[in-house]
Amino acid sequence: MQSSRLRLSAIAVTPTCALMCALVLPAPAAAQLLDHKDLTASIAMTIVQTAIETCKGNGYAVSATVVGRNGEIIVQVRGDNTGPHTIENSFRKAYTARTFRSPSGALVERVKADPTLGLIHLTNVIANQGALPIKVGDEVIGAAGASGAPGGEKDEACVKAGIDKVADQLK
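Counting in the numbering used here, the sequence shown runs from 4 upward without gaps.
Here it is as structure tokens:
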């Protein structure tokens, strides 16, 4: 008999709880959906091609990668006469810039300041200069990285030329 009362009480309480939850919890609305911009393959290709051509014009053979907002590869090109490591390095630099929303070289400084952070042990993260975030306003929508020039600052300069080339489309 007691178990019947418990079940009856639970049944009576359930509609009350449902009503209270409906009043307290916000209803789903269109305003709650995420609204964001994503890089197109065309813009990413322009960035990569410009970065490679800029470095080539300076006498450096590089590979370049553009990743999207989630760190996924959008475009990746291995430049002529580049070392086999440059394709992965360009991706990891870009991934790092996207992950931390700052130039990949900034991680070098963070790791030097506090080697115990463990940030360089994260998958695909690398503490090397040569990548920049791609932004629309203050929103990071991807990153571009290059590898192969003698020094990360040269890789970064080529990437900057690529991003600058599409700046008018990043609005």
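Where a beta carbon is used, it is the ideal one built from N, C-alpha and C, also for glycine. Quick caveat: nothing in here was measured; it's all calculated off a predicted structure.
The beta-carbon distance between Arg72 and Asp41, rounded to whole angstroms, is 6 Å. This is short enough to meet the 8 Å contact definition. Counted as a single uninterrupted DSSP element, the stretch harbouring Ser105 is not any alpha helix (DSSP H), since DSSP gives it neither H nor E. The criterion of a C-beta distance shorter than 8 Å is not satisfied by Ile77 and Val65.
Judged by DSSP in its simplified three-state form, Leu173 adopts coil rather than helix or strand.
The three-state secondary structure of Pro118, taken from DSSP, is helix. Using a Cβ distance threshold of 8 Å, Ala67 and Gly148 count as a contacting pair. Within the stretch 43-116, the beta strand (DSSP E) runs of at least 3 residues that lie entirely inside it are, in chain order, 66-71 and 76-80. Thr119 counts as exposed, since fewer than 16 other beta carbons sit within 10 angstroms of its beta carbon. Rounded to the nearest whole angstrom, the C-alpha separation of Ala97 and Asp117 is 22 Å.
If the five residues before and after Ile50 are omitted, its C-beta is found closer than 8 Å to the C-beta atoms of Ala67, Val69, Val78, Ile137, Ala147, Val162, Gly165, Ile166, Lys168 and Val169, all from its own chain and listed in chain order.
Excluding five sequence positions before and after Thr102, the CB atoms of its chain that fall closer than 7 Å to its own CB belong to Gly74 and Val128, given in chain order. Contact annotation: Glu159 and Gly133 have beta-carbon atoms nearer than 8 Å.
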